[in-house]
Amino acid sequence: MNLTAQLDVKLGGGAMASPSNASRIQDLSISSLTKSYDGQAPVLRDISFEIHRGEAVALVGANGTGKSTLMRCCLRLIEPDAGGVKILGADITGLSRKALRDVRAQAGFIFQRHNLVPRFSALSNVVHGAQAWSRGPRTWHQALASKAVREEAMYCLDLVGLADFAKRRVDQLSGGQSQRVAIARALMQRPRIMLADEPVASLDPKAGEEVMELFVRLIKSQGLTLFYSSHHLEHAIGYSDRILGLRGGVVALDGESNSQNVNSLRGLYD
Amino acid sequence: MTNPSIGPSSQVRETDAIGADAHVQPRGGRAAPGRFERPGPFEFIAYVAALAFFIVSLSGTEWSFIAFIEGIPNLVTFLSEAFPPSLKRAEQVSWALLETFQMAFVGTVMGVILSLPLAILAARTLTPSRWIQGGARSIIALARTVPDLVWALIFVIMVGLGPFAGTLAIMVDTIGFCARFFAEAMEEIDQGPQEALTALGARKSGTVFSAVLPAAMPSFINTSLFALEKSTRSSVILGLVGAGGIGIELKVSMDMFEYAEAATIILSIFLLVLLVERVSSHLRRKIM
Ligand SMILES: Nc1ncnc2c1ncn2[C@@H]1O[C@H](COP(=O)(O)OP(=O)(O)OP(=O)(O)O)[C@@H](O)[C@H]1O
Ligand SMILES: [Mg+2]
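Those protein sequence lines, which keep their order, are chains V and F. Be aware that the first sequence starts at 1, since it is given in the working numbering, and climbs by one per residue. Be aware that the second sequence starts at 1, since it is given in the working numbering, and climbs by one per residue.
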């Protein structure tokens with residue numbers, strides 16, 4: 001289909017560079033990142049790591065070790081105290097508001113809670129994703145959106161299997177369906193990298209498995225870089241190329257996923 | 001017990017017995033703290049001062065049961081002259097009543113429209129800066145703390161006698177009421193969708209129009225309907241200072257001792273306010 005092919009190019013899926021070439025490009029580079037919440041002991045101390053284009057990296061660590069803090073710092077949703085964050089080639093620590101918006105636009109972010117606008121339809125929520133690249137009132141609601149935007153939003157809903165629920169209010173969807181709408185909204189951004197903070201933690205095991213599987217498959221098929229956190233060790237190992245383990249505010253583990261197993265990760269939680 | 005069948009009645013009796021036993025049986029426990037806290041010296045002085053001021057205020061307000069009892073015959077005279085209400089000026093009263101409601105309606109709508117931007121500037125989660133927030137809050141506080149009758153007097157000076165002055169007064173009164181509650185509603189909604197839109201690079205306007213306003217809308221409508229009820233009640237009295245509406249009709253009838261006409265006006269005010277309240281509470285139940 002013409003539209004699909006067109007979108008694949010936009011989304012970066014059509015023209016994937018060969019992995020050996022691609023792996024040299026750093027899509028996310030964190031250097032000496034430090035963050036403490038007002039006066040308390042630092043949550044993150046001197047964190048450094050890189051994520052390469054096309055890579056899928058899982059972040060694990062016990063409750064309260066700062067996974068969410070780290071992921072939010074990647075887009076400056078939380079302001080880091082010190083250190084550098086380079087994402088998609090841009091050092092975001094010193095950017096103006098406008099430039100920061102442009103960088104955020106290219107990065108999808110999936111939250112643990114779907115964070116959809118409850119009274120709006122699934123379609124409107126996906127149309128909101130177009131605010132990443134289109135300004136003005138026409139992306140505030142599906143009824144105002146242009147034909148092209150509505151069709152692209154339908155395409156994204158179709159990718160997550162919810163085209164039939166386009167007009168359904170999202171507060172009438174199940175948790176798994178809501179999270180899929182959130183994924184569609186992120187895809188609507190035409191992102192180049194996807195960040196996900198425990199994307200399926202609020203779902204039951206079966207729905208969680210399904211959504212995670214769908215999510216990673218979509219990311220991979222479009223050749224996006226993926227950085228996600230999870231408490232589900234099978235998910236952390238199974239869907240990633242590499243695992244980062246946080247402990248005591250530092251990166252305590254950084255290794256290939258296929259050399260890890262559930263038991264080797266348990267040490268992070270002691 | 002001779003009847004071995006387990007009917008509902010015997011079950012009830014058994015349960016009762018168990019319940020009663022549980023209450024009779026003494027159980028160990030610890031001494032409970034005293035029921036009341038002994039007031040501290042400052043608290044005690046404050047209570048005494050409040051009581052003293054209340055007693056002084058009784059005489060300040062010329063509070064008198066005797067005057068009240070002695071006044072009852074006057075009330076009876078008024079009521080006997082007021083009934084049956086006179087329909088002599090029914091047409092005029094109807095027009096005045098319509099004007100009253102129009103003042104309330106237009107004033108409320110204008111007030112709600114102006115409240116929205118003001119509330120956005122005043123909301124902790126949305127304001128561009130602390131200074132602007134402080135400024136917006138001061139304007140809202142001014143609109144709220146100055147009574148509507150005073151606003152009406154000011155607007156009569158500004159635009160002259162008539163319903164426009166009253167409508168402006170209601171608009172300002174509505175701003176004082178709505179902007180404050182709108183701001184609170186926007187502060188209280190779930191911040192998640194706003195964060196999601198910020199994360200995808202949306203502008204502030206996009207966040208406000210696609211996440212904040214939709215989520216706060218039921219609360220806005222609720223507040224606006226309350227404002228309309230409140231405005232209807234105040235539009236009735238603004239006529240007393242010449243700011244339009246039915247109030248002036250009432251005052252004239254009263255001053256001329258035309259109690260039967262006054263009764264018609266009072267009854268029609270009663271019906272108008274009741275109708276607005278009924279419709280508004282019906283609408284509120286529907287959106288909730
Ligand atoms: N807004 C905040 N203000 C103050 N402290 C915070 C704030 N957010 C998080 N923290 C603290 O920072 C630490 C790290 O929190 P964070 O949410 O990043 O951990 P996490 O690894 O994502 O935990 P979880 O596995 O439970 O999601 C915790 O100790 C938490 O109490
Ligand atoms: Mg977390």
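A virtual CB, placed ideally from N, CA and C, is assigned to each residue, including glycine.
Asked, Found
"Which residues in the same chain have their Cβ closer than 8 Å to the Cβ of V/P42, if we skip the five residues on either side of it in sequence?", "T34, K35, S36, D81, G249"
"Within this structure, are the beta carbons of V/F109 and V/A186 separated by less than 8 Å?", "yes"
"Classify V/K86 as helix, strand or coil using the three-state DSSP reduction.", "strand"
"Using the Cα positions of V/G39 and F/R130, report the straight-line distance between them to the nearest angstrom.", "23 Å"
"How should V/N21 be labelled, buried or exposed, when 16 other C-beta atoms within 10 angstroms of its C-beta is the threshold for buried?", "Note on V/N21: pLDDT 48, under 50, position unreliable in the model; the coordinate value appears next. Under this definition V/N21 is an exposed residue."
"Is there a Cβ of chain F sitting closer than 8 Å to that of V/D38, yes or no?", "no"
"Can you give the Cα-Cα distance for F/G34 and F/S64, rounded to whole angstroms?", "40 Å"
"So what's V/I25 in DSSP terms, helix, strand or just coil?", "coil"
"Under 8 Å: do the region 167-177 of chain V and the region 202-210 of chain V share three or more Cβ pairs, one atom per stretch?", "yes"
"Using the beta-carbon count (16 or more within 10 Å), is F/V279 buried or exposed?", "exposed"
"Using a Cβ-Cβ cut-off of less than 9 Å, give me the residues of the region 120-145 of chain V that come near chain F, in sequence order.", "F120, S124, N125, V127, H128, G129, Q131, A132, W133, R135, G136, P137, T139, W140, H141"
"Any beta carbon of chain V sitting closer than 8 Å to that of F/F315?", "Since the displayed chain F opens at 1 and closes at 288, residue 315 of chain F lies outside it and no answer follows."
"So does V/H114 have its beta carbon nearer than 7 Å to some heavy atom of ligand 1?", "no"
"So with Cβ pairs under 8 Å, would you call V/V117 a contact of chain F?", "yes"
"Could you spell out the range, first to last residue, of the beta strand (DSSP E) harbouring V/Y228?", "225-229"
"Give the DSSP-derived three-state secondary structure of V/V160 in the structure shown.", "coil"
"Cβ of V/K67 versus every heavy atom of ligand 2: is any distance shorter than 7 Å?", "yes"
"Taking the straight line between their C-alpha atoms, what separation do you get for F/T77 and F/E249?", "21 Å"
"Whose C-alpha, out of V/D241, V/Q172, V/H235, V/F165, is nearest the C-alpha of V/S210?", "First, the residue type needs correcting, since residue 210 of chain V is Glu and not Ser in the sequence shown. Nearest option by C-alpha distance: V/H235."
"How long is the line joining the alpha carbons of V/A143 and V/D164, rounded to whole angstroms?", "17 Å"
"Under 8 Å between C-beta atoms, does F/G134 make it to chain V?", "no"
"Cβ of F/G166 within 8 Å of Cβ of F/M103?", "yes"
"Under the assumption that V/L214 contacts V/R180 (Cβ atoms under 8 Å), give the Cβ distance between them as a whole number of angstroms.", "7 Å"
"With DSSP as the reference, label F/L87 as helix, strand or coil.", "coil"
"Who does V/R169 pair with in a DSSP beta bridge?", "V/S121"
"Indicate the three-state DSSP secondary structure (helix, strand or coil) for V/H52 in the structure shown.", "strand"
"Assign F/F36 to one of three DSSP states: helix, strand, or coil.", "coil"
"With DSSP run on the structure shown, which of helix, strand or coil describes F/I140?", "helix"
"For a cutoff of 8 Å on Cβ pairs, would you count F/R284 as touching chain V?", "no"
"Is the beta carbon of V/N115 sitting closer than 8 Å to the one on V/V170?", "no"
"Taking 8 Å as the cut-off, decide whether the C-beta atoms of F/F209 and V/P118 are in contact.", "no"
"If F/T100 and F/S235 are in contact, beta carbons under 8 Å, what's the gap, nearest whole angstrom?", "5 Å"
"Any heavy atom of ligand 1 closer than 7 Å to the CB of V/E198?", "yes"
"Where does F/V48 land, buried or exposed, given buried means 16+ other C-beta within 10 angstroms?", "exposed"
"Among V/R24, V/T69, V/A62, V/R72, which one has its Cα closest to the Cα of V/R53?", "V/R24"
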